[in-house]
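Read the structure below first, then the notes.
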Amino acid sequence: NNILGENEILAGVQKLDEAEAPLDDRYYVCNSLQKNGLLKNDKFTIANAIAYSKNESPIVKGKIIELYGVECFYSNNIYTASNTQYNVLFQKEAFSLAIQQAPKVYRQFQANFIGEVLVVCDLYGVGEYRDDHAVAMLA
174 NNILGENEIL AGVQKLDEAE APLDDRYYVC NSLQKNGLLK NDKFTIANAI
224 AYSKNESPIV KGKIIELYGV ECFYSNNIYT ASNTQYNVLF QKEAFSLAIQ
274 QAPKVYRQFQ ANFIGEVLVV CDLYGVGEYR DDHAVAMLA
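Read left to right, the sequence shown gives residues 174 to 312 (the working numbering).
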């Protein structure tokens, strides 16, 4: 398994910049192996490289909060296939959640239940909204 480093993260940030993705609401989601690789990189943890207060230091907290304007999150739910990890760097407009305006409610009397049956239907979905606002970070 490869550890993604500074060069790979900067390349991902550059792709978002070239796509003119907004600078705010950028996120990097990776698994714990990548997190540990980042924590081992002195550039992201040593106090003279980044001015952290003592209580916010990655060495104390065990996490890197932000790199190059990108908030970092860690999950063990990262998809892995054939020893390839599918981490992702994205701006929030990359994905969308579509929800129907109002759920539809259906009510019907059922004699065999001696009562009413209530059914609520809701339509929703998720999708990729802007292809160029997300970068697959394969490791």
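All C-beta atoms in this analysis are idealised placements derived from N, C-alpha and C, irrespective of residue type, glycine included. Quick caveat: nothing in here was measured; it's all calculated off a predicted structure.
Test item: CB-CB of residue i and residue j under 7 Å
{"i": "Phe268", "j": "Tyr297", "result": "no"}
{"i": "Ile238", "j": "Leu211", "result": "no"}
{"i": "Asp313", "j": "Ala192", "result": "Only positions 174 to 312 of the chain appear in this structure, which leaves residue 313 out of reach."}
{"i": "Val278", "j": "Val299", "result": "no"}
{"i": "Val308", "j": "Leu270", "result": "no"}
Buried versus exposed call for residue i [16 or more other C-beta atoms within 10 Å across all chains shown]
{"i": "Asn249", "result": "exposed"}
Assigned secondary structure, residue i (DSSP; H/G/I helix, E/B strand, else coil)
{"i": "Lys277", "result": "strand"}
{"i": "Leu316", "result": "With the chain covering 174 to 312 only, the question about residue 316 has no answer from this structure."}
{"i": "Glu191", "result": "helix"}
{"i": "Leu206", "result": "helix"}
For residue i, the residue or residues it bridges with in DSSP
{"i": "Leu262", "result": "Tyr201, Val308"}
{"i": "Tyr319", "result": "Nothing can be reported for residue 319: it is not among the residues displayed for the chain, which extend from 174 to 312."}
{"i": "Leu177", "result": "Partner(s): none; Leu177 has no beta bridge."}
{"i": "Ala254", "result": "Thr257"}
{"i": "Val290", "result": "Gln281"}
{"i": "Val243", "result": "Leu240"}
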